[in-house]
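First to last, the sequence lines map onto chains A and B. Per this note's numbering, the first sequence starts with residue 61, numbered consecutively. Per this note's numbering, the second sequence starts with residue 61, numbered consecutively. Built from N, CA and C at the ideal position, the CB exists for glycine as well.
2 protein chains.
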Amino acid sequence: MSNIVSQQILLKRYPTGAPTEQDFSAVETPIAELGDGEVLNRTIYLSLDPYMRGRMSDRASYASPVALGSVMVGSTVSQVVKSNHSQFSVGDFVVGYDGWQSYAIAKGETLRKLDPHQLPLSYALGITGMPGMTAYFALLDIGKPKEGETIVVSAASGAVGAVVGQLAKIKNCRAVGIVGSDEKCEYLVNELGFDACINRKTQDLNSALQAACPNGIDIYVDHTAGPILEAVLQQINLGARIPLVGLVSQYNAKTLPPGPNLMPLLVKRALIKGFLVGDYQERHAEFIEDMSQWLREGKLKYKEDKVKGLENAIHAFIGLLEGHNFGKLIVQISDDPSHK
Amino acid sequence: MSNIVSQQILLKRYPTGAPTEQDFSAVETPIAELGDGEVLNRTIYLSLDPYMRGRMSDRASYASPVALGSVMVGSTVSQVVKSNHSQFSVGDFVVGYDGWQSYAIAKGETLRKLDPHQLPLSYALGITGMPGMTAYFALLDIGKPKEGETIVVSAASGAVGAVVGQLAKIKNCRAVGIVGSDEKCEYLVNELGFDACINRKTQDLNSALQAACPNGIDIYVDHTAGPILEAVLQQINLGARIPLVGLVSQYNAKTLPPGPNLMPLLVKRALIKGFLVGDYQERHAEFIEDMSQWLREGKLKYKEDKVKGLENAIHAFIGLLEGHNFGKLIVQISDDPSHK
Numbered sequence: 061m062s063n064i065v066s067q068q069i070l071l072k073r074y075p076t077g078a079p080t081e082q083d084f085s086a087v088e089t090p091i092a093e094l095g096d097g098e099v100l101n102r103t104i105y106l107s108l109d110p111y112m113r114g115r116m117s118d119r120a121s122y123a124s125p126v127a128l129g130s131v132m133v134g135s136t137v138s139q140v141v142k143s144n145h146s147q148f149s150v151g152d153f154v155v156g157y158d159g160w161q162s163y164a165i166a167k168g169e170t171l172r173k174l175d176p177h178q179l180p181l182s183y184a185l186g187i188t189g190m191p192g193m194t195a196y197f198a199l200l201d202i203g204k205p206k207e208g209e210t211i212v213v214s215a216a217s218g219a220v221g222a223v224v225g226q227l228a229k230i231k232n233c234r235a236v237g238i239v240g241s242d243e244k245c246e247y248l249v250n251e252l253g254f255d256a257c258i259n260r261k262t263q264d265l266n267s268a269l270q271a272a273c274p275n276g277i278d279i280y281v282d283h284t285a286g287p288i289l290e291a292v293l294q295q296i297n298l299g300a301r302i303p304l305v306g307l308v309s310q311y312n313a314k315t316l317p318p319g320p321n322l323m324p325l326l327v328k329r330a331l332i333k334g335f336l337v338g339d340y341q342e343r344h345a346e347f348i349e350d351m352s353q354w355l356r357e358g359k360l361k362y363k364e365d366k367v368k369g370l371e372n373a374i375h376a377f378i379g380l381l382e383g384h385n386f387g388k389l390i391v392q393i394s395d396d397p398s399h400k
Numbered sequence: 061m062s063n064i065v066s067q068q069i070l071l072k073r074y075p076t077g078a079p080t081e082q083d084f085s086a087v088e089t090p091i092a093e094l095g096d097g098e099v100l101n102r103t104i105y106l107s108l109d110p111y112m113r114g115r116m117s118d119r120a121s122y123a124s125p126v127a128l129g130s131v132m133v134g135s136t137v138s139q140v141v142k143s144n145h146s147q148f149s150v151g152d153f154v155v156g157y158d159g160w161q162s163y164a165i166a167k168g169e170t171l172r173k174l175d176p177h178q179l180p181l182s183y184a185l186g187i188t189g190m191p192g193m194t195a196y197f198a199l200l201d202i203g204k205p206k207e208g209e210t211i212v213v214s215a216a217s218g219a220v221g222a223v224v225g226q227l228a229k230i231k232n233c234r235a236v237g238i239v240g241s242d243e244k245c246e247y248l249v250n251e252l253g254f255d256a257c258i259n260r261k262t263q264d265l266n267s268a269l270q271a272a273c274p275n276g277i278d279i280y281v282d283h284t285a286g287p288i289l290e291a292v293l294q295q296i297n298l299g300a301r302i303p304l305v306g307l308v309s310q311y312n313a314k315t316l317p318p319g320p321n322l323m324p325l326l327v328k329r330a331l332i333k334g335f336l337v338g339d340y341q342e343r344h345a346e347f348i349e350d351m352s353q354w355l356r357e358g359k360l361k362y363k364e365d366k367v368k369g370l371e372n373a374i375h376a377f378i379g380l381l382e383g384h385n386f387g388k389l390i391v392q393i394s395d396d397p398s399h400k
């Protein structure tokens, strides 16, 4: 037995509606011996993402639900502490899927090595990680933007949305964000170069979309479904494309609400297509190459919302589902030795 | 002035809900002189189709609404009676868009000549006309069926649905129809070779779909939206494709009802895409070539529901929206001299 103890947050029960602190429990678990091909990781950063709510449910979703009593899942950046795998050495930095815990044993195949000299380590959980990759392929592969088109994105200051808008600008399109505060709007327009932004809490969606999209909407990267999708559908152009990357408006719903009327889809010969980033794993290199270049050229900016301490993960996650974060939500669980 | 009088059915007012006889009026109008490039047609067959309900509304749709007081629109097969167009001679048979009237003046560019020796003239309004072409491109171009997949179609004994199912069989897929009577089910399975059929009026849709589609649903050609789409979404496979060709369940609705929850689309990375046959005009030849061959080989069967007399068009159209027709609904307005 190792004498290392892992701080862990377990899923205690499936939440009804919005998750609460009582749906989780914090425990300390001694780390077992390493098996063949396994690596012991010290978690530095944990990514918190809306999809996690979908895993906290026995309703059909992408993947099997998190089993009650087990560690909450999540993407992580870690440093290798012990290794029984030929490709990883003590001190290596890796991105993996170790979940809400301070130490984890992982199979080597689930890890990818990170170069701490290229980009900040935590970027691998955001702009060059799963959220950035979602933005990249949802917009470019399903949306297929053409110069001069109008792209709308909801949850636009989030980890995916902020990248969607910046990629739209790189592709010479009009970028329109929908967010929940004036502060986020100002950030998108003044810092990230969005052409327009709508505060869905203070503005009437229909008239604000009309004003922000004088030539109609060609692509809508949808994170929310619900009333935003309904309003967007009223203003789509012929042949519009709607990659559906999330249903944040519904993750906490006790029963699934009805969706939008699909008449505009028929009239405009538009498409809605469900998207899962995991389907694009074989194109990871292409994504990293483009994103690294755009980051180096200063064409992409990136904001993180860092929370310190695993003990604050639950509170931060509950806030994420209500849109309280501003930038990519990351929990820092231990020191980042690569950080100046 | 010509001394020919056209019997016409005009749209008198936009129906609220289901159309009634009172929404139309029958008039007799003397035919004007032919202009340059125009042709005078005697209507033989008029096609009645569900999309017409969409044109009887000032709500946004594909095309501008039929103006109140003008002749109801519709595809027609006619014989040329007079011609001021070099490409058409008296006696020619043509397919065009002359509407609900016994004689019509048409621009030559709106007409296409038919060979009465190839296929029955009325086929140009159905299996080798707009409905057949809808089935062909919706299934093959959006659905892209792969051998062994399961294809479900609603309004399956109608002009589009019956072709969808038969094309599915030609492509070595499993064809499952949804209709409104046992008689139609028997016809689809026994005459057209569908693998299974569901009577939506007597069977529970969810369990019947489960039984009819043991391997899930890969393509659903949707004519109806509403509860059938909702039920189908529960059983779609990964990467399912749903061409949306009509919204029959809503054409008579006074306000647009909510649509289905889109969670299954996200989970299964499936797509819904609006379809309009007019977008495929440049591929007409390809369609005619395939369909003619399959008809000659006996791989496609075709059933018409022929009503005699323009005066019965209104009643037949009202019934069409309620699913009373059995086969492609055609109004015969005058004698077909090509008919043996």
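Under 8 Å between C-beta atoms, does residue i make it to chain A?
{"i": "residue 330 (chain B)", "result": "yes"}
{"i": "residue 321 (chain B)", "result": "yes"}
Give the secondary structure of residue i by DSSP, where H, G and I count as helix, E and B as strand, and everything else as coil.
{"i": "residue 192 (chain A)", "result": "helix"}
{"i": "residue 144 (chain B)", "result": "coil"}
{"i": "residue 317 (chain B)", "result": "coil"}
{"i": "residue 187 (chain B)", "result": "coil"}
{"i": "residue 245 (chain A)", "result": "helix"}
{"i": "residue 198 (chain B)", "result": "helix"}
{"i": "residue 383 (chain A)", "result": "coil"}
{"i": "residue 98 (chain A)", "result": "strand"}
{"i": "residue 125 (chain B)", "result": "coil"}
{"i": "residue 327 (chain B)", "result": "helix"}
{"i": "residue 107 (chain B)", "result": "strand"}
{"i": "residue 85 (chain B)", "result": "strand"}
{"i": "residue 90 (chain A)", "result": "strand"}
{"i": "residue 341 (chain B)", "result": "helix"}
Let me check understanding here. Comparing Cα to Cα, which of the options lies closest to residue i?
{"i": "residue 234 (chain B)", "options": "B:205, B:219, B:244, B:131", "result": "B:205"}
{"i": "residue 333 (chain A)", "options": "B:239, B:345, B:355, B:298", "result": "B:298"}
{"i": "residue 268 (chain A)", "options": "A:253, A:239, A:113", "result": "A:239"}
{"i": "residue 165 (chain A)", "options": "A:374, A:271, A:64", "result": "A:64"}
{"i": "residue 78 (chain A)", "options": "A:211, A:307, A:382, A:271", "result": "A:382"}
{"i": "residue 200 (chain B)", "options": "B:279, B:342, B:70", "result": "B:279"}
{"i": "residue 213 (chain A)", "options": "A:190, A:255, A:176, A:328", "result": "A:255"}
{"i": "residue 190 (chain A)", "options": "A:340, A:350, A:377", "result": "A:340"}
{"i": "residue 378 (chain A)", "options": "A:196, A:110, A:329, A:397", "result": "A:110"}
Closer than 7 Å by C-beta to residue i: which residues in its own chain qualify, once you throw out the five before and the five after it? Chain order, please.
{"i": "residue 151 (chain A)", "result": "139, 140"}
{"i": "residue 97 (chain B)", "result": "144, 145, 167, 168"}
{"i": "residue 242 (chain B)", "result": "259"}
{"i": "residue 252 (chain B)", "result": "222, 225, 226, 361"}
{"i": "residue 270 (chain A)", "result": "295"}
{"i": "residue 346 (chain A)", "result": "none"}
Using the C-alpha atoms, what's the distance from residue j back to residue i?
{"i": "residue 142 (chain A)", "j": "residue 101 (chain A)", "result": "7 Å"}
{"i": "residue 86 (chain B)", "j": "residue 372 (chain B)", "result": "11 Å"}
{"i": "residue 359 (chain A)", "j": "residue 179 (chain A)", "result": "15 Å"}
{"i": "residue 231 (chain B)", "j": "residue 136 (chain B)", "result": "31 Å"}
{"i": "residue 324 (chain A)", "j": "residue 105 (chain A)", "result": "43 Å"}
{"i": "residue 173 (chain A)", "j": "residue 91 (chain A)", "result": "22 Å"}
{"i": "residue 84 (chain A)", "j": "residue 257 (chain A)", "result": "36 Å"}
{"i": "residue 355 (chain B)", "j": "residue 348 (chain A)", "result": "52 Å"}
{"i": "residue 114 (chain A)", "j": "residue 159 (chain A)", "result": "15 Å"}
{"i": "residue 80 (chain B)", "j": "residue 219 (chain A)", "result": "54 Å"}
{"i": "residue 394 (chain B)", "j": "residue 370 (chain B)", "result": "9 Å"}
Against chain B, does residue i count as a neighbour if the rule is that its beta carbon must be under 8 Å from one of theirs?
{"i": "residue 219 (chain A)", "result": "no"}
{"i": "residue 318 (chain A)", "result": "yes"}
{"i": "residue 327 (chain A)", "result": "yes"}
{"i": "residue 339 (chain A)", "result": "yes"}
Tell me which same chain residues have a C-beta within less than 6 Å of the C-beta of residue i, skipping the five on either side of it?
{"i": "residue 171 (chain A)", "result": "154, 156"}
{"i": "residue 320 (chain B)", "result": "289, 290, 293"}
{"i": "residue 61 (chain B)", "result": "Only weak support exists for where residue 61 (chain B) lies, its pLDDT of 46 falling under 50; the value from the coordinates is given anyway. Contacts found: none."}
{"i": "residue 161 (chain B)", "result": "66, 68, 131"}
{"i": "residue 337 (chain A)", "result": "190, 193, 194"}
{"i": "residue 265 (chain A)", "result": "291"}
By Cβ distance below 8 Å, which residues in the same chain neighbour residue i in space, the five residues on each side in sequence not counted?
{"i": "residue 390 (chain A)", "result": "105, 106, 107, 108, 182, 185, 186, 364, 365, 366, 367"}
{"i": "residue 74 (chain B)", "result": "83, 116, 117, 118, 125, 128"}
{"i": "residue 304 (chain A)", "result": "282, 285, 332, 333, 334, 335"}
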